[in-house]
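Written out below as C-alpha coordinates is the structure these notes cover.
Residue numbers (UniProt numbering): 1 to 160.
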(Lines of atoms letter the chains of each structure in order from A and count residues from 1; the text may use other names and numbers.)
(Lines give C-alpha, C1' and ligand atoms only; values in the text may rest on other atoms or scores of the structure.)
Protein backbone atom coordinates (compact mmCIF):
# COMPACT_ATOMS: atom_id res chain seq x y z
CA UNK A 1 0.00 0.00 0.00
CA UNK A 2 1.47 3.33 -1.02
CA UNK A 3 1.72 5.94 1.70
CA UNK A 4 0.77 9.52 0.91
CA UNK A 5 2.25 11.81 3.56
CA UNK A 6 0.62 15.21 3.89
CA UNK A 7 2.75 18.34 3.51
CA UNK A 8 1.99 19.16 7.16
CA UNK A 9 4.50 16.45 8.17
CA UNK A 10 7.27 18.85 7.16
CA UNK A 11 5.65 21.99 8.62
CA UNK A 12 3.92 20.89 11.82
CA UNK A 13 6.24 19.66 14.60
CA UNK A 14 3.50 17.44 16.08
CA UNK A 15 2.93 15.73 12.73
CA UNK A 16 6.70 15.49 12.16
CA UNK A 17 7.12 13.64 15.46
CA UNK A 18 4.06 11.44 14.88
CA UNK A 19 5.52 10.55 11.48
CA UNK A 20 8.69 9.40 13.26
CA UNK A 21 10.87 12.39 12.35
CA UNK A 22 9.64 11.98 8.79
CA UNK A 23 10.43 8.26 8.49
CA UNK A 24 6.72 7.44 8.19
CA UNK A 25 6.62 9.40 4.94
CA UNK A 26 8.32 6.45 3.19
CA UNK A 27 6.16 5.50 0.20
CA UNK A 28 6.21 1.79 1.09
CA UNK A 29 6.48 -0.04 4.43
CA UNK A 30 6.35 3.09 6.61
CA UNK A 31 6.09 0.98 9.77
CA UNK A 32 9.32 -0.78 8.92
CA UNK A 33 11.04 2.51 8.08
CA UNK A 34 9.70 3.97 11.33
CA UNK A 35 11.11 1.06 13.30
CA UNK A 36 14.44 1.47 11.48
CA UNK A 37 14.48 5.15 12.44
CA UNK A 38 13.98 4.17 16.09
CA UNK A 39 17.19 2.09 16.07
CA UNK A 40 19.76 4.94 16.10
CA UNK A 41 17.79 6.72 18.83
CA UNK A 42 17.94 3.50 20.85
CA UNK A 43 21.69 3.17 20.23
CA UNK A 44 22.62 6.80 20.89
CA UNK A 45 20.21 7.74 23.68
CA UNK A 46 18.58 4.74 25.34
CA UNK A 47 20.67 1.59 25.49
CA UNK A 48 23.07 2.90 28.14
CA UNK A 49 20.38 4.19 30.50
CA UNK A 50 19.72 2.42 33.78
CA UNK A 51 16.71 0.09 33.75
CA UNK A 52 14.60 2.57 35.72
CA UNK A 53 15.59 5.59 33.61
CA UNK A 54 14.82 3.60 30.45
CA UNK A 55 11.43 2.59 31.91
CA UNK A 56 10.70 6.25 32.69
CA UNK A 57 11.50 7.16 29.07
CA UNK A 58 9.11 4.42 27.90
CA UNK A 59 6.30 5.79 30.07
CA UNK A 60 6.88 9.38 28.92
CA UNK A 61 7.23 8.51 25.22
CA UNK A 62 4.09 6.36 25.42
CA UNK A 63 2.05 9.16 27.00
CA UNK A 64 3.45 11.75 24.59
CA UNK A 65 2.69 9.32 21.76
CA UNK A 66 -0.97 9.11 22.72
CA UNK A 67 -1.18 12.87 22.20
CA UNK A 68 1.00 13.03 19.07
CA UNK A 69 -0.74 10.16 17.29
CA UNK A 70 -4.23 11.21 18.35
CA UNK A 71 -3.76 14.85 17.33
CA UNK A 72 -2.15 13.97 13.99
CA UNK A 73 -4.81 11.37 13.23
CA UNK A 74 -7.58 13.86 14.06
CA UNK A 75 -5.93 16.64 12.02
CA UNK A 76 -5.65 14.29 9.03
CA UNK A 77 -9.17 12.94 9.44
CA UNK A 78 -7.87 9.35 9.19
CA UNK A 79 -7.65 6.85 12.02
CA UNK A 80 -4.11 5.48 12.28
CA UNK A 81 -2.66 6.72 8.98
CA UNK A 82 0.08 4.29 7.91
CA UNK A 83 2.65 7.08 8.15
CA UNK A 84 2.03 7.66 11.86
CA UNK A 85 4.94 5.66 13.24
CA UNK A 86 5.70 7.15 16.66
CA UNK A 87 3.97 4.02 17.98
CA UNK A 88 6.55 1.88 16.17
CA UNK A 89 9.33 3.89 17.81
CA UNK A 90 7.94 3.19 21.27
CA UNK A 91 7.09 -0.45 20.47
CA UNK A 92 10.66 -1.13 19.36
CA UNK A 93 12.06 0.66 22.42
CA UNK A 94 9.85 -1.52 24.66
CA UNK A 95 11.19 -4.61 22.88
CA UNK A 96 14.75 -3.52 23.60
CA UNK A 97 14.36 -2.72 27.31
CA UNK A 98 16.89 -4.84 29.26
CA UNK A 99 18.22 -6.41 26.04
CA UNK A 100 21.90 -7.37 25.97
CA UNK A 101 24.16 -5.01 24.06
CA UNK A 102 25.14 -5.74 20.48
CA UNK A 103 23.90 -5.70 16.92
CA UNK A 104 22.65 -9.30 17.10
CA UNK A 105 20.11 -8.34 19.76
CA UNK A 106 19.13 -5.13 17.97
CA UNK A 107 18.40 -7.07 14.77
CA UNK A 108 16.60 -9.81 16.69
CA UNK A 109 14.51 -7.24 18.55
CA UNK A 110 13.74 -5.45 15.28
CA UNK A 111 12.59 -8.69 13.60
CA UNK A 112 10.51 -9.80 16.60
CA UNK A 113 8.80 -6.42 16.89
CA UNK A 114 8.03 -6.21 13.16
CA UNK A 115 6.60 -9.77 13.23
CA UNK A 116 4.29 -9.03 16.17
CA UNK A 117 3.32 -5.64 14.70
CA UNK A 118 2.53 -7.08 11.27
CA UNK A 119 0.92 -10.40 12.29
CA UNK A 120 -1.02 -8.85 15.18
CA UNK A 121 -1.81 -11.97 17.23
CA UNK A 122 -4.57 -11.66 19.83
CA UNK A 123 -4.92 -9.38 21.83
CA UNK A 124 -3.07 -6.98 19.49
CA UNK A 125 -5.58 -7.61 16.68
CA UNK A 126 -8.52 -6.95 19.00
CA UNK A 127 -7.01 -3.67 20.22
CA UNK A 128 -6.19 -2.63 16.65
CA UNK A 129 -9.84 -3.07 15.63
CA UNK A 130 -11.62 -1.88 18.77
CA UNK A 131 -9.60 0.80 20.56
CA UNK A 132 -9.54 4.15 18.82
CA UNK A 133 -7.86 7.53 19.02
CA UNK A 134 -4.30 8.15 20.09
CA UNK A 135 -4.60 5.55 22.86
CA UNK A 136 -5.61 2.86 20.37
CA UNK A 137 -2.88 3.82 17.90
CA UNK A 138 -0.30 3.47 20.66
CA UNK A 139 -1.73 0.47 22.52
CA UNK A 140 -1.47 -2.14 19.76
CA UNK A 141 2.23 -1.31 19.28
CA UNK A 142 2.82 -1.20 23.03
CA UNK A 143 1.38 -4.72 23.20
CA UNK A 144 3.50 -5.82 20.23
CA UNK A 145 6.52 -4.37 22.03
CA UNK A 146 5.65 -6.18 25.26
CA UNK A 147 5.18 -9.50 23.45
CA UNK A 148 8.46 -8.98 21.57
CA UNK A 149 10.19 -8.06 24.84
CA UNK A 150 8.95 -11.28 26.49
CA UNK A 151 10.10 -13.44 23.56
CA UNK A 152 13.48 -11.68 23.35
CA UNK A 153 14.06 -12.06 27.09
CA UNK A 154 13.03 -15.74 26.96
CA UNK A 155 15.43 -16.37 24.07
CA UNK A 156 18.25 -14.63 25.96
CA UNK A 157 17.52 -16.59 29.14
CA UNK A 158 16.87 -20.06 27.73
CA UNK A 159 18.30 -20.31 24.19
CA UNK A 160 21.04 -17.80 23.35
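Every residue gets a Cβ at the ideal spot worked out from N, C-alpha and C, and that includes glycine.
Rounded to whole angstroms, what's the CA-CA distance from residue 39 to residue 106? Just pull it up for me.
Rounded to the nearest angstrom, the two C-alpha atoms are 8 angstroms apart.
Helix, strand or coil: how does DSSP classify residue 122 here?
coil
Residue 57 lies in the alpha helix (DSSP H); which residues open and close that run?
51-76
Flag this pair as touching only if the segment 43-50 and the segment 24-33 have three or more C-beta atom pairs under 8 angstroms; answer yes or no.
no
What's the gap between the Cα of residue 141 and the Cα of residue 13?
22 angstroms
Nearest-angstrom Cα distance between residue 132 and residue 104?
35 angstroms
Could you tell me the boundaries of the alpha helix (DSSP H) in which residue 31 lies?
30-41
Around the Cβ of residue 9, are there at least 16 other Cβ atoms within 10 angstroms (buried) or fewer (exposed)?
So residue 9 counts as buried.
Can you look up residue 47 in the DSSP assignment and give me helix, strand or coil?
coil
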